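Line order of the protein sequences matches chains A and B. Under numbering that gives the first Met the number 0, think of the first position of the first sequence as 0, with each following residue one higher. Under numbering that gives the first Met the number 0, think of the first position of the second sequence as 0, with each following residue one higher.
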Amino acid sequence: MRRRYWLAAAGLLIFAAAFARNWRAPEGWDRMRMEAIEARAAAAVKEITGIDVKGWPRTTVARMDPVHRRWQELHARAPIDRILTPLGVTFTFRVPGQNVEVGLSADGTPRLVRRNDRNPGRPPEADPDGIAERALKVLAREFAPQFRRDYSDTGERFRWKAVSPSDPQHFWLVTVRFEGGRFQSAALEPRFEDRRRSGIAREAHFFESEAYSIVQGLALFAGAMWALMAYMMGWARGVVDHRLALAAGLLFTLFEALEHAGGGAPFAWPMLAGSLGAGLMAALLTGTGRLAASGREWLLWQEFCLALGFRWRAKRVGLAVWNGLIWAGAVAAVPVAVAAILPAPSTLAVTKFMDAALSRWPLLTALAPLMEHEAYGLFVFLLPVLRRRVSPERFRWIFVPLAAVAIFLLLNPFATGVGAAVVSAAGLAALLVWIYGQYGLLSVLTAIKGAAVMTIAACFVRSGEWLLFPGLGLLGLVALAGAAAACVAAYGEDIVPAGEDADRDAAFVSEHERLKAEFSLAQRAQQLLLPSEAPSIPGFSIAALCAPARDVGGDLYDYFPLPGGRLGLCVADVSGKGIAAALYMTLTKGVLAAAAPEYEDVAELAVHLNRHLYAAGKRKVFVTAVIAALDAESRSVEYVRAGHNPVLHRSGRNGSARYLRATGMGLGMTNGAAFERLTRVERVDLEEGDILVLYSDGVTEAMNSRREQYGEERLLELVERSAASDAAALVEEIRRGVAAFTANEPAHDDVTVLVLKA
Amino acid sequence: MANSFAVSNAQHGEISILMLDGFLDAHTAPDFEEAIQKEVNAGRTKVVVNCEKLTYISSAGLGVFMTFIEEIREAGGDIKICGVIPKVMQVFEILGFHSLFDIVGDVPQAAAKFAEGAEGG
């Protein structure tokens, strides 16, 4: 245990050291606040064109030039190499009839001024040469002396060029254009001698390439659809933990909305829709993941479920967060260390941190969203779903590479440098899966978020400018969260997730529940196949019951009309259990119902049934049954016993009972001749008060905790002693008798009873 | 909680003797099924199932006999059952097994039945 803490601390140290050594901010986005940049934009316009755009309505667009960024990472050594930042911010100031575009580097130095107006009457500039010179000074600044004029076109176009001292293939152009003597634009642009020949472009564009984003989009879409379907199916079965899903959805919506608000954009409905969409996605992933998380997974989920249930005082939640935060440093160290070791990018996930730096509330934006969606989906959804489908030995070998691919696609901390991204994705996947297995879901999510926050904070602190304090604030928050988690871990309450004995039964409960839910549909369907009420025959009372052992059973009872106004009664039992037995039960019922009206003789009916079941079951499945025909007029019953339990007959006169064992064999076991030979019809004349009990072996073989069977004797005694006034009462007595005998032992087999009382 | 069941195999000449021990129900039937399948695959179709130690049989267990009987008989063999305790015998009788199978007292009697069959055929 201690060694782990040392390892985690080492990770944190590596992060700090490698970050300090390696981090540069070529974007320069960290230098300035947006308001200051805007003021610089207006000043540049004034200086070059003389127009005062202060107070004009404006729009802003930020754009990253990945090729230039990659070039800076690899080659920039001379001061002039940083004349531009790869991140550009463009302001467009508009008034009716004209607009002025100003592009600036993220550090606030201007790089473009363009004037668009639809006023052909604007007079030509008095001094184009002077404007061009001023523009060069404004755009090239202290580097102006390094620019050489290389082109001039009779006062319409001026161009200066400066070649990079580090890379002769790279140069900058300052171009000033006029049209009909009217100023059009002045621009500072980076250029390559032969851009195509440069591998920089190809690599730099990799993460912005269409293929990358298509694969990314498809992966996200497929995941979302999968989650949606699984959630809906779970919902239909009534097993989704909606509260958990709702809590996750609300948290994501809230943090997503805060992030938007932090961006400084005015409120807009689409934004709200975006936040709700994120929340919905989180809810789907969480609900579906929880469905899939059973067995060992559920153990790893418990702290997460407690946390989403807002039970933050639980010791285990505190411990999980504490462990997650401890390992956050190591997680953050992986990409930084890779960047330090490989001759690769120095820039980590710049675009994400850029949002934070440009935000009105950088601290808030750095914290939100609560969880990177992609990481969340990976561990909350994909992992448990996969775990269900892959054998445990193979799981690690499948999930870790898959996680690496997902991290590479979705969570990649590098803006450029494909090789480094691959290595760091593999390292991160292995480390995160390890943390998950050791400490659980909440820990790994905390570690991911903690790592992201720490990296942003380190960027802020290292930039040393105005972002220093938000950066320190973020680090303080992480420390505070750690301290709070440690306190909860030490002094919190011992809470386990509601309703489940976490330590002992947890591994089985959720699996069992899932199965139960799956069966409940089939059970409902099967119950519908049983007669909803007994037929009413004057002078007789009839009642029946079928209690399936495993939700879906192979037992059956039925009533059906027979020729000559007789009533058919049947109790049948299909060999085996579960779905297969239930299917045969359905078949039996169907054949019986279809054939019954055509057979005067119940033996012939049984032979017919045997032929069908023998053909269908190929002997592997057989059915035992008692088929009886009640003739109400003659007050008699004829029955065949096709391999089924004997019929219990109680005399109404003296109350004594006996078993009627007509010879016969199971249906579907053998061909017609042998079956016919053995099957005998027996006739019972019923006197007033006589009772016939048809039942399945689930009654006589019901077992108590000492492995004793209920048995024919106990059933016989119960029926003899019974004072039941009608069939329904006796059915209930038998059910209670069996239940009392087995006490709390689960039933092995379906219990079916049909009682006829004369 | 799981009910114990074991099936062991012995060879007497060309007769395979499967000894069932314990509780044959839906959970344990696959073990029995596998054991018979092995004999069938190996071409040993003269099978004696010794039920002396079989304390319980459910319909799924009975189903295993039914699964193989036809195939084994077509191959010229048979399944003989011996040593059935009364409680299990009752289940066999209820189902009509005695008209489908030779059910005898012990292994030598079962072997004798095979010998009879060979002479007769």
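Glycine is no exception: its CB is placed at the ideal position from the N, C-alpha and C atoms. Model, not experiment: these values are computed from the prediction.
Residues that residue i contacts on chain A, provided the C-beta gap is smaller than 8 Å
{"i": "ASP24(B)", "result": "HIS747"}
{"i": "SER3(B)", "result": "Per Cβ cutoff of 8 Å: no residues; SER3(B) is ~11 Å from chain A at best."}
Residues bridged to residue i [DSSP beta-bridge criterion]
{"i": "THR623(A)", "result": "ASP572(A)"}
{"i": "CYS81(B)", "result": "ASN49(B), VAL103(B)"}
{"i": "GLY171(A)", "result": "Here residue 171(A) is Trp; the residue named in the question, Gly, does not match the sequence. In the DSSP output, where bridge partners are listed per residue, TRP171(A) has ALA161(A), PRO189(A)."}
{"i": "PRO637(A)", "result": "This sequence places Glu at residue 637(A); Pro is not what is there. Answer is ALA628(A), ARG682(A)."}
{"i": "MET702(A)", "result": "GLN708(A)"}
{"i": "ASP149(A)", "result": "The partner list for ASP149(A) (beta bridge, DSSP) is empty, contrary to what the question assumes."}
{"i": "GLY642(A)", "result": "ALA624(A)"}
Exposure of residue i, with buried meaning 16 or more beta-carbon neighbours within 10 Å
{"i": "TYR490(A)", "result": "exposed"}
{"i": "GLN71(A)", "result": "buried"}
{"i": "ASP500(A)", "result": "Since pLDDT at ASP500(A) reaches only 38, below the 50 mark, its modelled position is unreliable, and the value read off the structure follows with that caveat. Per the 10 Å Cβ criterion, exposed."}
{"i": "SER58(B)", "result": "buried"}
{"i": "ILE93(B)", "result": "buried"}
{"i": "ILE84(B)", "result": "exposed"}
{"i": "TRP297(A)", "result": "buried"}
{"i": "PRO537(A)", "result": "exposed"}
{"i": "GLN437(A)", "result": "exposed"}
{"i": "ASN322(A)", "result": "buried"}
{"i": "GLU712(A)", "result": "exposed"}
{"i": "HIS648(A)", "result": "buried"}
{"i": "MET453(A)", "result": "buried"}
{"i": "GLY222(A)", "result": "buried"}
{"i": "GLY62(B)", "result": "buried"}
Contact with chain C by residue i, beta-carbon distance below 9 Å
{"i": "THR669(A)", "result": "Chain labels in this structure do not include chain C; the protein chains are A and B."}
Within chain B, the residues that residue i reaches when beta carbons sit closer than 9 Å
{"i": "THR741(A)", "result": "Those within 9 Å of THR741(A) in chain B number zero; the least Cβ separation is about 14 Å."}
{"i": "HIS643(A)", "result": "ILE93, LEU94"}
Whole-angstrom distance between residue j and residue i, CA atom to CA atom
{"i": "GLY771(A)", "j": "VAL94(A)", "result": "Absent from the structure is residue 771(A), since the part of chain A shown begins at 0 and ends at 757."}
{"i": "PHE170(A)", "j": "GLU192(A)", "result": "8 Å"}
{"i": "LEU476(A)", "j": "ASN115(A)", "result": "48 Å"}
{"i": "ALA75(A)", "j": "ILE213(A)", "result": "32 Å"}
{"i": "LEU466(A)", "j": "PRO109(A)", "result": "22 Å"}
{"i": "THR741(A)", "j": "LEU714(A)", "result": "13 Å"}
{"i": "GLY129(A)", "j": "PHE182(A)", "result": "11 Å"}
{"i": "ALA327(A)", "j": "ALA77(A)", "result": "36 Å"}
{"i": "ILE541(A)", "j": "ILE626(A)", "result": "15 Å"}
{"i": "ALA256(A)", "j": "ALA246(A)", "result": "15 Å"}
{"i": "LEU608(A)", "j": "LEU666(A)", "result": "7 Å"}
{"i": "GLU652(A)", "j": "GLU732(A)", "result": "Residue identity differs from the one stated: residue 652(A) is Arg in this sequence, not Glu. Cα to Cα, ARG652(A) sits roughly 21 Å from GLU732(A)."}
{"i": "LEU685(A)", "j": "VAL636(A)", "result": "7 Å"}
{"i": "ARG62(A)", "j": "VAL487(A)", "result": "44 Å"}
{"i": "VAL162(A)", "j": "ALA374(A)", "result": "44 Å"}
{"i": "LEU381(A)", "j": "GLY288(A)", "result": "7 Å"}
{"i": "ALA728(A)", "j": "ASN644(A)", "result": "22 Å"}
{"i": "LYS588(A)", "j": "ASP557(A)", "result": "8 Å"}
{"i": "ASN98(A)", "j": "PRO119(A)", "result": "14 Å"}
{"i": "PHE91(B)", "j": "VAL646(A)", "result": "17 Å"}
{"i": "ALA109(B)", "j": "MET88(B)", "result": "16 Å"}
{"i": "PHE122(B)", "j": "VAL46(B)", "result": "The question about residue 122(B) has no answer, for chain B in this structure spans 0 to 120."}
Proximal residues of chain A, C-beta to C-beta of residue i below 7 Å
{"i": "SER98(B)", "result": "MET664, ALA673, LEU677"}
{"i": "GLU61(B)", "result": "The sequence shown places Leu at residue 61(B), not Glu. Within 7 Å Cβ-Cβ: SER574."}
Contact list for residue i against chain A, beta-carbon separation under 9 Å
{"i": "LEU53(B)", "result": "None at all; the shortest Cβ gap to chain A is about 14 Å."}
Beta-carbon neighbours of residue i, restricted to chain B and to distances below 8 Å
{"i": "THR623(A)", "result": "SER58, ILE93, LEU94"}
Chain B residues whose Cβ lies nearer than 7 Å to that of residue i
{"i": "VAL620(A)", "result": "GLY62"}
Sufficient close CB pairs (3 or more, under 8 Å) joining the region 282-296 of chain A to the region 225-233 of chain A:
yes
Answer yes if the region 665-672 of chain A comes into contact with the region 705-725 of chain A, meaning at least three C-beta pairs across the two stretches below 8 Å, and no otherwise.
no
With a threshold of 8 Å, are at least 3 pairs of Cβ atoms found where one atom belongs to the region 27-43 of chain B and the other to the region 748-756 of chain A?
no
Assess contact between the region 149-159 of chain A and the region 96-109 of chain A, defined as three or more Cβ pairs (one per stretch) separated by less than 8 Å. Is contact present?
no
Contact between the region 652-661 of chain A and the region 593-609 of chain A: three or more CB pairs below 8 Å?
no
Do the region 15-24 of chain B and the region 53-68 of chain B touch if we need at least three Cβ pairs shorter than 8 Å?
yes
Taking three-plus beta-carbon pairs below 8 Å as touching, is the region 422-429 of chain A in contact with the region 298-313 of chain A?
no
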